[in-house]
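Q: Handing you a structure now.
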Amino acid sequence: MASQVLVAANRGPLSYALTADGGLSARRGGGGLVSGLSAALARQPGALWICAALSEADREAVRRGVSEPGVRMLDIDPAVYDDAYNGIANSVLWFTHHHLYDSPRTPVFDAAFRRKWDSYVAYNRAFAEALAEEAGPGAAVLVQDYHLALVPGQLRELRPDLRIGHFTHTPWASPDVLRMLPDAVRGELVRGMLGADRLGFHTREWADNFTAGAELDEATAAALGGVEVTAYPLGVDADELRALAHRPEVDDKLAGLRAEVGDRKTIVRVDRTELSKNILRGLLAYRELLTTRPEWRGRVVHLASAYPSRQDLAVYRAYTESVAELAAEINAEFGTADWQPVLVSVQDDFARSLAAYRMADVALVNPVRDGMNLVAKEIPVVSEAGCVLVLSSGAGAYAELREDAVTVNPYDVTATAEALHAALSMPEGERAERTKRLAAAAVALPPATWFTAQLEDLHP
0 MASQVLVAAN RGPLSYALTA DGGLSARRGG GGLVSGLSAA LARQPGALWI CAALSEADRE
60 AVRRGVSEPG VRMLDIDPAV YDDAYNGIAN SVLWFTHHHL YDSPRTPVFD AAFRRKWDSY
120 VAYNRAFAEA LAEEAGPGAA VLVQDYHLAL VPGQLRELRP DLRIGHFTHT PWASPDVLRM
180 LPDAVRGELV RGMLGADRLG FHTREWADNF TAGAELDEAT AAALGGVEVT AYPLGVDADE
240 LRALAHRPEV DDKLAGLRAE VGDRKTIVRV DRTELSKNIL RGLLAYRELL TTRPEWRGRV
300 VHLASAYPSR QDLAVYRAYT ESVAELAAEI NAEFGTADWQ PVLVSVQDDF ARSLAAYRMA
360 DVALVNPVRD GMNLVAKEIP VVSEAGCVLV LSSGAGAYAE LREDAVTVNP YDVTATAEAL
420 HAALSMPEGE RAERTKRLAA AAVALPPATW FTAQLEDLHP
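Just so you know, we're using numbering that gives the first Met the number 0 here: the sequence shown kicks off at 0 and counts up by one.
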């Protein structure tokens with residue numbers, strides 16, 4: 000049966016595991032976006048989510064014809080997938096859009112890059128062909144993220160009758176950085192995006208960056224006129240998040256953290272060890288706070304959840320090691336018999352993160368450049384005593400939250416240390432009022448509403 004609403008994303012709403020007897024068990028994915036999209040699609044009869052098989056168990060499920068209602072997994076050759084996902088999406092497009100290149104050394108666009116780019120084209124083509132096959136006449140298709148930037152153009156060639164939207168969950172590179180890509184690749188990337196009827200970004204700034212990049216070439220500039228480029232600032236589902244934050248297992252984690260922290264104030268950050276998250280400068284700012292404001296020694300604990308990310312890439316492994324080493328140095332320099340200044344967690348422990356959210360006095364969110372950074376919205380929603388948000392201008396959430404946050408330049412360690420001092424010193428009344436306004440802004444466009452708005456805008 001053909002579908003009238005389809006979503007395409009690298010990651011799907013479920014994954015499979017092989018059982019001891021050789022069977023397959025399905026597990027639903029977590030996270031606000033997956034939950035929100037799943038909830039929105041559940042209200043669309045016959046809706047379909049197309050995703051890649053990410054594990055050997057997923058691929059085995061495809062081979063056996065095992066499927067869940069409303070989901071189709073694509074068994075893409077693992078070598079092609081690795082080239083597309085790790086070689087291009089995460090090693091080229093992610094670095095381009097987050098402005099993370101060490102330009103004297105990277106990027107290098109050689110024959111190996113072009114081979115991987117061919118895989119990226121093939122990976123996108125697999126999604127476009129599946130969407131073309133599954134979509135009913137005039138169906139709405141919502142393509143997700145930089146992994147699938149070529150799908151709109153490829154799908155438009157196959158099915159010109161469809162209404163196609165694409166949403167990018169990262170920033171979009173400024174024109175100067177976009178120019179670093181080989182001309183032919185840059186043109187192919189932008190033309191792929193321009194196959195959509197509507198392009199969505201978290202912020203107006205990222206949307207404007209796309210428009211400026213498309214205007215670099217006459218051909219793409221001409222095509223830009225037929226495409227709506229819009230900002231949809233993703234928020235959080237307050238009811239769901241608060242329910243998750245008050246489960247018994249979170250209460251247990253909270254009790255454990257309070258036993259460790261005592262009556263000290265807390266500075267909380269929760270991030271993957273992404274290069275864009277700026278964890279190292281955050282730790283340096285905390286060390287400078289303890290150096291220049293000795294009154295905080297013994298009176299504050301930095302709860303830093305830094306979950307290892309993309310450890311199959313050497314640069315990420317090195318960054319993760321640097322985070323652990325710097326935290327250890329701070330503890331060695333300032334720690335006492337009854338006070339550990341930094342408590343680092345490297346486990347992907349969502350219950351512990353929610354417990355830290357609840358007890359946060361200060362939330363530190365200081366990315367150099369980020370698509371949205373939902374942590375900046377999540378912490379004020381579940382904070383129990385109110386928290387002060389220290390927020391960098393590089394966060395996607397900056398435009399919405401800056402009036403009630405203590406804002407910083409993400410590169411300025413000294414200014415960030417002073418911001419932490421101001422946040423820790425803020426009177427309780429002001430902190431509570433700021434938290435209330437931050438929480439209200441955070442829930443303005445929760446995932447299901449965010450998705451529905453894009454879907455409705457595809458059928459004006």
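For each residue, glycine too, the CB sits at the ideal point set by N, CA and C.
Please read all numbers here as calculations on a predicted model, not as lab measurements.
For Leu92, which residues in the same chain have their Cβ closer than 6 Å to its Cβ, ignoring the five residues on either side in sequence?
A: Only Tyr145 meet the Cβ criterion.
Q: DSSP on Ala396, reduced to helix/strand/coil?
A: Here Ala396 sits in coil by DSSP.
Q: Under the DSSP definition of a beta bridge, which residues are partnered with Leu71?
A: Here the sequence assigns Arg to residue 71, which means Leu is not the residue at that position. DSSP, once it has assigned bridges, lists Ile49 as partnering Arg71.
Q: Would you kindly work out how many angstroms separate the C-alpha atoms of Ser2 and Val142, rounded to a whole number?
A: About 15 Å.
Q: Taking the alpha carbon of Ser66 as the point to measure from, which residue in Phe94, Asn408, Ser24 and Tyr84 has its own alpha carbon closest?
A: Among Phe94, Asn408, Ser24 and Tyr84, the Cα nearest to that of Ser66 is on Ser24.
Q: Considering just the uninterrupted stretch of the alpha helix (DSSP H) at His420, what are its terminal residues?
A: Counting along the chain, the alpha helix (DSSP H) containing His420 begins and ends at Val412 to Ser424.
Q: Return the CA-CA distance between Arg241 and Leu353, expressed in angstroms with no decimal places.
A: In a straight line, the C-alpha of Arg241 is about 9 Å away from that of Leu353.
Q: Is it buried or exposed, His96, if we count other Cβ atoms within 10 angstroms and call 16 or more buried?
A: By the 10 Å Cβ count, His96 comes out buried.
Q: If you run the structure through DSSP and keep just helix, strand and coil, what is Leu193?
A: If DSSP states are grouped into helix, strand and coil, Leu193 belongs with coil.
Q: Counting pairs of beta carbons, one from the region 182-189 and one from the region 161-168, are three or more of them closer than 8 Å?
A: As far as the Cβ criterion goes, the region 182-189 does not touch the region 161-168, which means the pair count is below three.
Q: For Glu217, does the count of other Cβ atoms within 10 angstroms reach 16, so buried, or fall short, so exposed?
A: Label assigned to Glu217: exposed.
Q: Using 10 angstroms around the beta-carbon of Ser118, count the other beta-carbons present and answer buried if the total reaches 16, otherwise exposed.
A: Ser118 should be labelled buried.
Q: For Glu328 and Leu282, I'd like the C-alpha separation in whole angstroms.
A: Their Cα atoms are separated by approximately 10 Å.
Q: When you compare each of Met358, Asp109, Asp81 and Tyr285 to Asp262 by their alpha carbons, which one comes out closest?
A: With distances taken between Cα atoms, Asp262 lies closest to Met358.
Q: Opposite Ala303 in the DSSP bridges: which residues?
A: Per DSSP, Arg268 and Val343.
Q: Quick check: what's the CA-CA separation for Leu193 versus Asp57?
A: Whole-angstrom Cα-Cα distance: 31 Å.
Q: Does any C-beta atom of chain C lie closer than 9 Å to the C-beta of Ala313?
A: As a matter of chain content, chain C is missing from the structure shown, which is built from one protein chain.
Q: With the cut-off set at 9 Å, would you say Pro446 and Asp250 are in Cβ contact?
A: Going by C-beta atoms, Pro446 is not nearer than 9 Å to Asp250.
Q: Roughly how many angstroms separate the alpha carbons of Asn372 and Ala172, rounded to a whole number?
A: The straight-line gap from Cα to Cα measures roughly 17 Å.
Q: In terms of residues, what are the limits of the beta strand (DSSP E) holding Val387?
A: Residues Val387 to Ser391.
Q: Could you tell me if Val107 is buried or exposed, where buried requires 16 or more neighbouring beta carbons within 10 angstroms of its beta carbon?
A: Per the 10 Å Cβ criterion, exposed.
Q: Please name the residue or residues paired with Ser2 in a DSSP beta bridge.
A: Answer by DSSP bridge pairing, in chain order: Ala134.
Q: I'd like the span of the beta strand (DSSP E) that includes Ser14, first residue to last.
A: Here the beta strand (DSSP E) through Ser14 covers Leu13 to Leu17.
Q: Could you tell me if Glu62 is buried or exposed, where buried requires 16 or more neighbouring beta carbons within 10 angstroms of its beta carbon?
A: It is Arg, not Glu, that sits at residue 62 in the sequence shown. Counting Cβ neighbours within 10 Å, Arg62 comes out exposed, since fewer than 16 surround it.
Q: Go ahead and label Ser14 buried or exposed: buried means 16 or more other beta carbons lie within 10 angstroms of its beta carbon, across all protein chains shown.
A: With 16 or more Cβ atoms within 10 Å of its Cβ, Ser14 is classed as buried.
Q: For Tyr318, which residues in the same chain have their Cβ closer than 7 Å to its Cβ, ignoring the five residues on either side in sequence?
A: Cβ within range, chain order: Thr272 and Leu274.
Q: For the beta strand (DSSP E) that contains Phe166, what are its first and last residues?
A: It spans Arg162 to Thr167 - the beta strand (DSSP E) in which Phe166 sits, taken as one unbroken run.
Q: Note down, one range per segment and in chain order, each alpha helix (DSSP H) of at least 4 residues found wholly within the region 220-298.
A: Correct list: 237-244, 247-260 and 278-291.
Q: Let's see if you can read the secondary structure: which residues bound the alpha helix (DSSP H) around Ser352?
A: Residues Phe349 to Met358.
Q: From the DSSP output, which residues share a beta bridge with Ser24?
A: Ser24 is bridged to Ala16.
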